[in-house]
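In the UniProt record's numbering, the protein residues as written are 1 to 311. Right, one structure below, let's go through it.
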Amino acid sequence: MGAAVEPELPSFYELVHRFSLFDSSASSGCDVQIGANGSVFCKCEGCVRWHDFVEGRDPSDAEVKYEVFTREHVTGLACYLRSRFCGSAKAAEYELPVMDVLEVGAGSGRLAQHLNRSLTRLLHENQGPVVRVTATDSGARGINGPEVKEEDAVHAMTSRKAHIIISSWMPRGIDWTAHMRAAPSVREYILIGETDNGICGCPWETWGYSPAWDWSESDDSDSSSSDNNGVLAPNSVITDSKISVTALPTEDSTQGSEVASCGRATREKPPYEEDGWERVELGSLSSLQLCRTDERWSSSRHSHTVAFRKK
Numbered sequence: 001m002g003a004a005v006e007p008e009l010p011s012f013y014e015l016v017h018r019f020s021l022f023d024s025s026a027s028s029g030c031d032v033q034i035g036a037n038g039s040v041f042c043k044c045e046g047c048v049r050w051h052d053f054v055e056g057r058d059p060s061d062a063e064v065k066y067e068v069f070t071r072e073h074v075t076g077l078a079c080y081l082r083s084r085f086c087g088s089a090k091a092a093e094y095e096l097p098v099m100d101v102l103e104v105g106a107g108s109g110r111l112a113q114h115l116n117r118s119l120t121r122l123l124h125e126n127q128g129p130v131v132r133v134t135a136t137d138s139g140a141r142g143i144n145g146p147e148v149k150e151e152d153a154v155h156a157m158t159s160r161k162a163h164i165i166i167s168s169w170m171p172r173g174i175d176w177t178a179h180m181r182a183a184p185s186v187r188e189y190i191l192i193g194e195t196d197n198g199i200c201g202c203p204w205e206t207w208g209y210s211p212a213w214d215w216s217e218s219d220d221s222d223s224s225s226s227d228n229n230g231v232l233a234p235n236s237v238i239t240d241s242k243i244s245v246t247a248l249p250t251e252d253s254t255q256g257s258e259v260a261s262c263g264r265a266t267r268e269k270p271p272y273e274e275d276g277w278e279r280v281e282l283g284s285l286s287s288l289q290l291c292r293t294d295e296r297w298s299s300s301r302h303s304h305t306v307a308f309r310k311k
């Protein structure tokens, strides 16, 4: 027998409305408190309902969630993958008859399952090269879905010849991106989750984020952010924003760079730049994301979708 077909993902807009997320008027009834350990929380009815949902205590969805995958975000990600490899002859970034996407640390495999479902629909609507997503997970958490291959992330990245690698909510304090960049077949990897000094991966090794940043040395006083706290319309177009987390390198940027006690020298290149890759914020996809660290009483958006591309 085949694997059970999971119901359609919930709509981003329906969830925002259902839990009154990012709505300052609705969150006015929140009673935000600071715990003894410094944690910030609210136990009002609305916040309890939201936390029950992400913790899998809601009857509508019993899976514990880090990323709350939404229909709009996953469909947008599927469209993005096709646009990179399988779009029109003029627009396609790469020319490949089949594009293999590998998801590492996939857990239950929910993302890969719905990505494949969306990609199949897109293929039927617009014929073109095949995009296939393979989900892998070590199985250490015991939540592997029936379509998830039980493989350690590093083994999967080094043994499979993927063109794109996806990691959603990479474990805190662990960096898989060096292996992604080292794989000869990989042309791009996509990270989903909290960025920079958040709880996914390592700030410096994964994101190129340096807590020791000295803003006074930067000529870019504008420092435009790719974060978008507003809610985009359902038919928004995906846009890319290329950024560098550290200051632009100078001729002598590699001389005398030292590791500060809490971060990196401001002129040191991030590992991904040293390896010849660039970081691209997929802002329109990020605007369609929800995650467990989003709070009803805060307008901050915590989860993002970021692409790293080989130059």
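Think of the CB as a built atom: it goes at the ideal place given N, C-alpha and C, for glycine as much as any other residue. All figures in this text were calculated on a predicted structure; none of them were measured in a lab.
Which residue from E268, G145 and T134 puts its Cα closest to that of H163?
-> By one-based count along the sequence shown, residue 163 stands at place 163. Of the candidates E268, G145 and T134, T134 places its Cα closest to the Cα of H163.
Is the number of C-beta pairs between the segment 136-146 and the segment 167-182 that are closer than 8 Å three or more?
-> No, the segment 136-146 does not touch the segment 167-182.
Between which two residues does the alpha helix (DSSP H) carrying Y66 extend?
-> The count along the sequence shown starts at 1 and reaches residue 66 at position 66. Looking at the DSSP string, Y66 is not in any alpha helix (DSSP H), and its letter there is neither H nor E.
Inter-residue CB distance, V101 and L122 (contact presumed, cutoff 8 Å) = Residue 101 sits at position 101 when you count from the first residue of the sequence shown. Residue 122 sits at position 122 when you count from the first residue of the sequence shown. So it is not a contact: roughly 14 Å between Cβ atoms.
Tell me whether S287 is buried or exposed, calling it buried when 16 or more other Cβ atoms sit within 10 Å of its Cβ.
-> Residue 287 sits at position 287 when you count from the first residue of the sequence shown. It counts as buried.
For the candidate residues S159, V280 and A112, whose alpha-carbon lies nearest to that of A182?
-> By one-based count along the sequence shown, residue 182 stands at place 182. When only C-alpha atoms are compared, the closest one is S159.
Residues in its own chain within less than 8 Å of T70 by CB, not counting five upstream and five downstream?
-> For the purposes of this step, residue 70 is taken as residue 70 along the sequence shown, with counting starting at 1. In the same chain as T70, and ignoring 5 residues on each side of it, the C-beta atoms closer than 8 Å to its own belong to L9, P10, S11, F12, L15, L288, Q289 and L290, in chain order.
Report, in whole angstroms, the separation of the C-beta atoms of E67 and S138, which I expect to be a contact under 8 Å.
-> For the purposes of this step, residue 67 is taken as the residue at position 67 of the sequence shown. For the purposes of this step, residue 138 is taken as the residue at position 138 of the sequence shown. Contact doesn't hold; Cβ gap of about 18 Å is too wide.
The beta strand (DSSP E) enclosing Y189, as first and last residue numbers | The sequence position of residue 189 within the sequence shown is 189, counting from 1. Counting along the chain, the beta strand (DSSP E) containing Y189 begins and ends at E188 to G193.
Are the beta-carbon atoms of R296 and C47 separated by less than 8 Å?
-> On the sequence shown, position 296 is the one that residue 296 refers to. On the sequence shown, position 47 is the one that residue 47 refers to. Result yes, Cβ atoms of R296 and C47 sit closer than 8 Å.
Mind checking who M99 pairs with in its DSSP beta bridge?
-> The residue given as residue 99 occupies position 99 in the sequence shown. According to DSSP, which records beta bridges pairwise, M99 is partnered with V131.
Three-state class that DSSP yields for L288 in the structure shown = Sequence index remark: in the sequence shown, residue 288 carries index 288 (1-based). Three-state DSSP puts L288 in coil, outside helix and strand.
Euclidean distance between Cα positions of P7 and D61 = In the sequence shown, counting from the first residue as 1, residue 7 sits at position 7. In the sequence shown, counting from the first residue as 1, residue 61 sits at position 61. When only Cα atoms are considered, P7 and D61 end up about 10 Å apart.
Check the DSSP bridge columns for E8 and list the partner residues they point to.
-> Along the sequence shown, one-based indexing puts residue 8 at 8. Per DSSP, E8 has no beta-bridge partner at all.
So, E103 versus T136, is the Cβ gap smaller than 8 Å?
-> Position 103 of the sequence shown, counted from the start, is the residue given in the question as residue 103. Position 136 of the sequence shown, counted from the start, is the residue given in the question as residue 136. Yes, they are a contact pair.
At what residues does the alpha helix (DSSP H) containing C42 begin and finish?
-> As a working mapping, residue 42 is identified with position 42 in the sequence shown. Looking at the DSSP string, C42 is not in any alpha helix (DSSP H); the run it does join, the beta strand (DSSP E), is V40 to C42.
Counting only runs that start and end within the segment 136-191, where is the alpha helix (DSSP H) found for 4 or more residues in a row?
-> As far as the segment 136-191 is concerned, its whole alpha helix (DSSP H) runs of at least 4 residues are 153-159 and 177-182.
Nearest to G198 (by Cα), restricted to the options P184, E151 and R301 | For this step, residue 198 is matched to residue 198 along the sequence shown. Closest by alpha carbon: R301.
When you compare only the Cα positions, how much space is there between F85 and A307?
-> Reading the sequence shown from its first residue, position 85 is the one you call residue 85. Reading the sequence shown from its first residue, position 307 is the one you call residue 307. Their backbone Cα atoms lie some 14 Å apart in a straight line.
Below 6 Å CB to CB, which residues in the same chain sit around V148 once its five sequence neighbours on both sides are set aside?
-> As a position in the sequence shown, residue 148 is number 148, starting the count at 1. Taken in chain order, the residues that qualify are A106, G109, A135 and D137.
Taking the C-alpha atoms as reference points, what is the distance between V98 and L119?
-> The residue labelled residue 98 in the question sits at position 98 within the sequence shown. The residue labelled residue 119 in the question sits at position 119 within the sequence shown. For V98 and L119, the distance between alpha carbons rounds to 12 Å.
Secondary structure of T293, DSSP reduced to three states = Translated into the one-based positions of the sequence shown, residue 293 becomes position 293. Coil, per DSSP.
Which one of F41, R18, H17 and V154 has the shortest CA to CA distance from S298?
-> Locating residue 298 in the sequence shown gives position 298, counting from the first residue. Ranking the options by Cα distance to S298, first place goes to F41.
G201 versus R18: straight-line alpha-carbon distance, rounded | Here residue 201 corresponds to residue number 201 of the sequence shown, with the count starting at 1. Here residue 18 corresponds to residue number 18 of the sequence shown, with the count starting at 1. Our two residues, G201 and R18, have alpha carbons roughly 31 Å apart in a direct line.
If you compare alpha carbons, which of T305, K310, K311 and R309 is closest to L77?
-> Position 77 of the sequence shown, counted from the start, is the residue given in the question as residue 77. Of the residues T305, K310, K311 and R309, the one whose Cα lies closest to the Cα of L77 is T305.
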